[in-house]
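Encoded as structure tokens, the structure appears first; notes follow it.
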Amino acid sequence: MKILIAEDDNLQRSVLRVLLQKAGHAVCETATGQDAWDVIQREPYRLLITDWMMPGMNGPELIQKIRTANQPGYTYILLLTAKDTKVSTIEGLKAGADDYLTKPFDKDELMARLAIGERILNLETRLAYMANHDGLTGLLNRRAFYARIQTELERSAAEKAETSLMMIDLDHFKSINDRYGHQTGDEALRQTARVLEQSAPLPDYAGRWGGEEFIVLLPGKNQTEAAYLAEEIRARIAAIRLVLPDQRVVQFTASLGVSANALCGNGTDLNELVMLADRALYQAKSAGRNRVIRAAKGEFGAAPV
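Oh and the sequence shown: position 152 is 154 in the numbering used here, straight run, nothing missing.
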């Protein structure tokens, strides 16, 4: 784990560095609270060991700045100090420290307290993953993907770049569950998710929209380019073969709808972009399934690839 040290005493800082590096941690050292704050603004650290008394910005002041900043993740903070009164302990914890260790510290106790911090941070990572990802496929869930779309649309609008979006829905999915069982249906969803992950520009640009419906964001691609990629995805899904224990082979297809920000009024209307792709997907279903339809601008009609 990467650990940031804020300690003005050269000997103490050196001792901490050696202990942490021997334990396999990557260490960044600073001698003042202000230096530590400057480092964190450039590159957030998940674990900080800070001294209380430092010139300029002291430990509690550094902690307060971190706690009031809009950091992308939680920073676990261990406060080191020569103060060992109950009042000082309470003051340090109120400032936002997670743990407190008095100097001179025992190295085994230090490592044990850091292990607690690592467990808490690992738990936070797992909870964050679970909150943002679909448990079955591992793709982003609808809420997290919605935020991803909005961020990308705003960036594309600022850069006047093209962004496309596709909606994918497995055809006759209920019949797969009814005929072969939900385990087979789940495997069909997982296999489809792998195709989308491999086809998307980045793994986090593919998401599960709900049920048997998926969504893929394509920054930098116009609608024509996106439609060709959608056709490749359609073919790859149609080529999936699920072999059951009794050697029966299950095949399935998907219908896809493609939209682009160039079709939206101001290029950043998220609801319109999703609506256009969903409408094109519905038309692909109505036209016989297992096909790609491109959304048309400003009308209910849509065009095949």
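The beta carbon of each residue, even a glycine, is placed where N, CA and C say it ideally should be.
Because the structure is a prediction, the values reported are computed rather than measured.
One Cα belongs to A237, the other to A28, and the distance between them is close to 46 Å. For C266, the CB contacts under 6 Å within the same chain, skipping 5 residues up- and downstream, are E274 and L275 in chain order. Measuring C-alpha to C-alpha distances from M3 to each of W39, L123, K96 and A33 identifies L123 as the nearest.
Under the criterion of beta carbons closer than 8 Å, D100 and Y78 qualify as touching, at roughly 5 Å. Per DSSP, the unbroken alpha helix (DSSP H) holding L95 starts and ends at K88 to K96. According to DSSP, K4 shares a beta bridge with A28. Annotated as proximal: T165 and E154, with beta-carbon spacing under 8 Å. Counted as a single uninterrupted DSSP element, the alpha helix (DSSP H) harbouring I235 occupies residues Q225 to A240. M113 counts as exposed, since fewer than 16 other beta carbons sit within 10 angstroms of its beta carbon. In the three-state reduction of the DSSP assignment, G259 falls in the strand class, which pools E and B. In this structure, the beta-carbon distance from L191 to F254 does not fall below 8 Å. Of the other Cβ atoms in all chains shown, 16 or more fall within 10 Å of the Cβ of I68; this residue is therefore buried. Closest by C-alpha distance to Q73, out of Y230, P46 and A232, is P46.
Sixteen is the threshold: since fewer than 16 other Cβ atoms of the shown chains lie within 10 Å of the Cβ of D110, the residue is exposed. Out of I178, P221 and A297, the CA that lies nearest to the CA of S158 is found in P221. Between the C-alpha atoms of A282 and E126 there is a straight-line separation of about 39 Å. In the assembly as shown, E234 is an exposed residue. Its beta-carbon has fewer than 16 other beta-carbons within 10 Å. DSSP places T77 in the coil class of the three-state scheme, outside both helix and strand. Taking a cut-off of 8 Å for Cβ pairs, the segment 238 to 252 and the segment 211 to 218 do not touch, as fewer than three such pairs fall below it. When secondary structure is reduced to three states using DSSP, T34 falls in the coil class, being assigned neither helix nor strand.
The beta carbon of T139 is closer than 7 Å to those of L191, R192, A195 and R210 in its chain, skipping five residues each way along the sequence. With fewer than 16 neighbouring CB atoms inside 10 Å of its own CB, P106 falls in the exposed class.
Here Y182 has V252 as same chain residues with Cβ atoms under 6 Å from its own Cβ, once five neighbours each way along the sequence are excluded.
Distances from the CA of N292 to each of A38, P203 and M169 were compared; the closest alpha carbon is that of M169.
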